[in-house]
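Trainee: For the record, in the sequence shown the residue sitting at position 57 is 662 according to this note's numbering, with numbers rising by one throughout.
By construction, the Cβ of each residue, glycine as well, lies at the ideal position given by its N, Cα and C atoms.
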Amino acid sequence: MTWKEIIQERGIFRQDKAWCPQCFEARRQEGNPIYEPLLWSFRDVNFCPQHNCRLIDRCPDCGSAQKAIANNSRLGFCSRCKSWLGNPSEQRINGIEDNLINIKGIGGLIAITPSLILPPNLPDLMKKLQLIHFSFERVVNQDLTQFIVLGKIMEQLKITLNQHKDKPLNLIKLLIPVCDRAQISIAQLLSQDVRAVSTILFSNLKINFRVAP
Ligand SMILES: [Zn+2]
Ligand SMILES: [Zn+2]
């Protein structure tokens, strides 16, 4: 992974596989080869955004977990009892919104990775986070009620910038919520330079630089 330098990898991936039974089923019915999106290997992805259903991690027939690595089973089939792991009628559930922010963030990160010319570097990212913190301060100065929304994340950002600026970032607890509040995608944050990021921030957050007369 090219983002090893900027994102903490410990605990980010699942030990056992999780999958969307409807994705498996749909691919089989369309006659497409079964595959497992990288997105499913992230511990913080619990839903399939396409089918609005929960990912499952146990064989519905024998209850076995499926090891993420080193098994010689066929994709889409239980490594123990060989049952088909797809299912057309997994129940749709509500309450996906919170997880959707994570799914979008992780999905964005996966999507941008192959097209990055240089591996993202931490000092560069910290400069952009500094800029985001500055932008949040401006937003709160313009409208104090925004402190309710931004106060907590500003505090976390400040701790990161002051005390942990040499350490890779926590994707789920810091980078994704920061990008969400700053209304910037992870892809933009990583691929654009500092100047472009500042333009995006000032425009999305409606930061007004006019000096009062
Ligand atoms: Zn699905
Ligand atoms: Zn099984």
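#1: Which value, in whole angstroms, describes the spacing of the CA atoms of L810 and L734?
#2: Ligand 1 heavy atoms versus the CB of Q634: any closer than 7 Å?
#3: Alpha carbon to alpha carbon, how far is P818 from Q793?
#4: Let me make sure I understand the geometry here. Which of P665, D748, K772, L762 has the alpha-carbon closest to that of P782?
#5: Tell me, please, which residues DSSP counts as bridged to D621.
#6: Return the chain-ordered list of same chain residues with a C-beta closer than 8 Å to the C-beta of V754, the five sequence neighbours on each side being excluded.
#7: Does the region 700-709 come into contact with the region 717-729, if we say contact requires no fewer than three beta-carbon pairs (one atom in each stretch) closer than 8 Å?
#8: Here's the rule: buried if 16 or more other CB atoms are within 10 angstroms of the residue's CB, otherwise exposed. What is P728?
#9: Can you determine whether any heavy atom of ligand 2 sits closer than 7 Å to the C-beta of R685, and answer yes or no?
#10: Considering only heavy atoms of ligand 2, does any lie closer than 7 Å to the CB of C628?
#11: Apart from the five residues just before and just after F647, which ones in its own chain have a Cβ nearer than 6 Å to its Cβ?
#12: At what residue ranges does the region 729-770 contain a whole run of the beta strand (DSSP E), taking only runs of 3 or more?
#13: I'd like the span of the alpha helix (DSSP H) that includes F647, first residue to last.
#14: Between S688 and ligand 2, is there a pair consisting of the residue's CB and a ligand heavy atom that are separated by less than 7 Å?
#15: Got a sec? Which residues, its chain only, sit under 8 Å from L705 by beta carbon, not counting five neighbours each side?
Mentor: Let me spell this out:
#1: A direct Cα-to-Cα measurement between L810 and L734 gives close to 15 Å.
#2: No; taking the cut-off as 7 Å, the Cβ of Q634 has no heavy atom of ligand 1 nearer than that.
#3: Model confidence at P818 stands at a pLDDT of 48, short of 50, so the residue's coordinates are unreliable and nothing is read from them.
#4: Nearest C-alpha to P782 among P665, D748, K772, L762: L762.
#5: Per DSSP, K672.
#6: R786.
#7: By the criterion of at least three beta-carbon pairs nearer than 8 Å, the region 700-709 is not in contact with the region 717-729.
#8: Counting other Cβ atoms within 10 Å of its Cβ, P728 stays below 16 and is therefore classed as exposed.
#9: Yes; taking the cut-off as 7 Å, the Cβ of R685 has a heavy atom of ligand 2 nearer than that.
#10: No, ligand 2 has no heavy atom inside 7 Å of this Cβ.
#11: Spatial neighbours of F647 in its own chain (CB-CB distance under 6 Å, excluding positions within 5 residues in sequence) are listed in chain order as I711.
#12: Taking only runs of at least 3 residues, no beta strand (DSSP E) segment lies wholly in the region 729-770.
#13: DSSP places F647 outside any alpha helix (DSSP H), giving it a letter other than H or E.
#14: Judged by the Cβ position, S688 qualifies as a neighbour of ligand 2 at the 7 Å threshold, a heavy atom of the ligand being closer than this.
#15: Same-chain partners within the cutoff: F652, P654.
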